[in-house]
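First the structure, in the form of structure tokens, and then the observations on it.
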Amino acid sequence: MTPKNLYGMLAEFQTPKEILDAANAVRKEGYIDFDCHTPFPVHGLDDAMGLKRSIVGFIVGIGCVVGATAGLTLQWWSSTIAYPIIISGKPLFSWQAFMIITFVLMVLGGAFSALIGMFHLNRIPTFYHPLFNSEQFKKATDDKFFVSIEFKDPKFDIEDTRKFLEIIGGKNIEVIEE
Amino acid sequence: MSDTNKNIEQMNDIQEAPLVLGNHTFGSITEKISSITETPPPKGWWLAFLFSLSLLGLLQVSILYLIWEGTGIWGLNNPIGWGWAIVNFVFWVGIGHAGTLISAVLFLFRQKWRTAINRFAEAMTIFAVMCALIFPGIHIGRVWVAYYMFPIPNSMLMWPNFRSPLLWDVFAVGTYFTVSLLFWYVGLIPDFATLRDRAKTKVRKVVYGILALGWRSSNRHWQNYEQAYLMLAGLSTPLVLSVHSIVSTDFAISLLPGWHTTIFPPYFVAGAIFSGFAMVITLAIPVRYIYGLESIITMGHLDKMAKIMLVTGSMVGYAYSMEFFIAWYSNNTYESFAFVNRAFGPYAWAYWIMISCNVIVPQLFWSKKLRNSIPVLFIASIFANIGMWFERFVIVISSLSRDYLPSNWDYYSPTIWDVTLFLGSFGLFFTLFLLFLRFMPMIAISEVKGVMPEADPHHGEKH
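Here it is as structure tokens:
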């Protein structure tokens, strides 16, 4: 019997080693829509969960190029077309002098794209999530480690998944509703 | 958790020196740091806060009077058009260097000890840069046209001169402030989530809930988060080195003897790191004592910071002597005169204060005993702050006061308003810093947990 608004199942683990082994076991069992929740990033967990490398780096690369281009274009356009003024006999387009602001805007573009890229990939801010309904889940930002398996996973079965989580050492197994 | 505890005790004997002392567990780290924001502040906090708040009031009065009356209330005169305001600007920007250096450069070099001090060093950076930005802002005299500094399309069809180092400064310091703020906030997200999950009152739940952006410690999130953090560190590293280099071009691009030297960018950066670390030590010593954080900000941390002060202080000393060498070697009369005048002219007192505080005092740190003495560290760090303020005073004032033409020379003395503005900027700095201590996790909770020995999944295994 499956409750109506089921989100998934949550199991608690005690140490980084336990969560690492659990992640390996869940992946090998064939689950796809699962996640681990840890108070700090645990070394090796990405591989254990079978995650691909994050693409934030590419987004930052694009942000840097956009920032630098915008910086140089702004300086070129405003000094040669919009407001050409000869100062100390220097050329209107003094690229050496313009490199500094180009560099600075490259960094600015990169930094904003790192922030926005990370926010977008993580879909934050999202203030509601079914997992927040769980009282014990508050420990995920303190000293406990959790595995959550979602209902939408094709392998999810309320009895089998519970048994499986028990076998791999999960404590306080809890059904999470939307 | 008792198992883990036993393991730590066993492992402490054979592993490298631990970064967190005492029998801390993940839970006790959360408790220790979060509870500071959850319990009423100690009496000392209130005293310090009220004192800072009154200095902040002094700053507001001084700025209002300055805007009303104009920069004539300062001690500026004909050759010395840049007085204390620019000295204070460079001083505060310099202090603002330690935070991002600790967060970014030490992160890239995998210096795990940074985790205990990076959060409040970053906060210090942001507040110091805010203090710095006030001074050029009010120095322009007519503050209502401050927008001339930015490339904003306007009805006069005018654009700023991008060949001017003063404009580079606007961009460099503005970007530094923005990127430091982003970096700081990204680091704070998981810790805001910790505070949210511990919150008992409605207000705390809502405020920290919004600040935490719905963070749920998911490893799929941590993965993007960690890469974004790495990228921000990689971007901040060249930025932090460039900011003070660009500030130094305000001077180096001009033709004034004593300013027009190519050594300025690296010399300014070394000085900035020196003063920044000095300020971190000045703040860390009372904070760790008052809040009982000796097991997290350990003597080992203070020791490492003292070593960085020794290195950068010696680099600054090298730069001082190299300036003299170049002045002599260049065979340029004006350049030589500028430096002899610095050491033996009317501002010799300032020059020797600078040398004593910045070059001689840090040499104490060759001794391990002195590096591990709290009073010595505290007093030496304050001397370094004083010395670095005088360094900027010497550079700005002594060079301007005696340029090429003797008939143009004059002596500069500050007025009371120069002094109140400077003291007031400390009011702003400490007010913000104390509010930060009160309401935000002053130590990066998730990062400290991450460097504890039991955070390693292979912890306790025999190899």
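If you read the sequences in order, they're chains A and B. Residue numbers for the first sequence follow the working numbering, so the first one is 119 and each next one is one higher. Residue numbers for the second sequence follow the working numbering, so the first one is 74 and each next one is one higher. No residue lacks a Cβ here, since even glycine has one placed at the ideal position from N, Cα and C.
| Asked | Found |
| --- | --- |
| Are the Cβ atoms of L206/B and A229/A separated by less than 8 Å? | no |
| Which partner residues of L128/A appear in the DSSP bridge assignment? | S266/A, E292/A |
| Please report how far the alpha carbon of D264/B lies from the alpha carbon of V524/B, in whole angstroms. | 15 Å |
| Starting from the beta carbon of K270/A, find every residue of chain B whose beta carbon is closer than 7 Å, and list them in chain order. | Those do not exist, as K270/A stays about 15 Å from chain B at its closest Cβ, beyond 7 Å. |
| Leaving out five residues on either side along the sequence, give the residues of the same chain with a beta carbon under 6 Å from the beta carbon of F451/B. | I358 |
| Excluding the five sequence neighbours on either side, which residues of its own chain have a C-beta within less than 8 Å of the C-beta of N151/B, listed in chain order? | N481, D483 |
| In the structure shown, what three-state DSSP assignment does D153/A receive? | strand |
| Helix, strand or coil, according to DSSP, for M74/B in the structure here? | Below a pLDDT of 50, predicted positions are generally treated as unreliable, and M74/B, at 45, falls in that range; the measurement from the model is reported next regardless. Coil. |
| Kindly say whether M127/A, judged by its beta-carbon, lies nearer than 8 Å to any beta-carbon of chain B. | no |
| With which residues is S291/B paired in a DSSP beta bridge? | H155/A |
| Could you spell out where the alpha helix (DSSP H) holding M515/B opens and where it closes? | Segment: none, M515/B is in no alpha helix (DSSP H) and carries neither H nor E. |
| As a quick exercise: from K135/A, L124/A, P134/A, V144/A, pick the residue whose alpha carbon is nearest that of I285/A. | V144/A |
| Establish whether the CB of L124/A and some CB of chain B are separated by less than 8 Å. | no |
| So with Cβ pairs under 8 Å, would you call K289/A a contact of chain B? | no |
| Could you tell me which chain B residues have their CB closer than 7 Å to the CB of G235/A, listed as they occur along the chain? | A301 |
| Taking the alpha-carbon positions, what's the V467/B to D270/B distance? | 51 Å |
| With a cut-off of 8 Å on the beta carbons, I'd call L283/A and I294/A a contact; round off their distance for me. | The pair is not a contact, with the Cβ atoms about 13 Å apart (cut-off 8 Å). |
| If distances are taken between C-alpha atoms only, which option among E367/B, I346/B, E408/B, N405/B comes closest to K380/B? | I346/B |
| Around the Cβ of G260/B, are there at least 16 other Cβ atoms within 10 angstroms (buried) or fewer (exposed)? | buried |
| Cα-Cα, which of N292/B, P448/B, F256/B, I262/B is closest to V225/A? | F256/B |
| Using 8 Å as the threshold, is the region 153-170 of chain A in touch with the region 289-300 of chain B, meaning 3 or more CB pairs across them? | yes |
| Three-state secondary structure (DSSP) at Q300/B? | helix |
| How would you list, in chain order, the residues of chain B whose beta-carbon sits under 7 Å from the beta-carbon of G175/A? | Q300, M304 |
| Would S539/B and G344/B qualify as a contact pair, given that the criterion is a beta-carbon distance under 8 Å? | Given a span of 74 to 536 for chain B in the structure shown, any question on residue 539/B remains unanswerable. |
| Tell me the DSSP secondary structure of I447/B in three-state form. | helix |
| Of the residues I242/A, L223/A, K262/A, Q254/A, which one's Cα is nearest the Cα of G282/B? | I242/A |
| Can you list, in chain order, the residues of its chain with a C-beta nearer than 6 Å to that of L240/B? Leave out the 5 residues immediately preceding and following it. | P233 |
| Along chain A, which residues have their Cβ under 8 Å away from the Cβ of H294/B? | N240, I242 |
| Under a CB-based cut-off of 8 Å, is D260/A close to chain B? | yes |
| Where I140/B and R215/B are concerned, what is the direct C-alpha to C-alpha distance, given to the nearest angstrom? | 7 Å |
| Distance check for F237/A and D261/A, CA to CA, integer angstroms please. | 25 Å |
| Helix, strand or coil: which one does DSSP assign to E527/B? | helix |
| Return helix, strand or coil for P134/A, following the three-state DSSP convention. | helix |
| Tell me where the alpha helix (DSSP H) around E104/B begins and ends. | 99-111 |
| Using only the alpha-carbon positions, how far apart do L356/B and N445/B sit? | 16 Å |
| In whole angstroms, give me the CA-to-CA distance for Y362/B and L383/B. | 24 Å |
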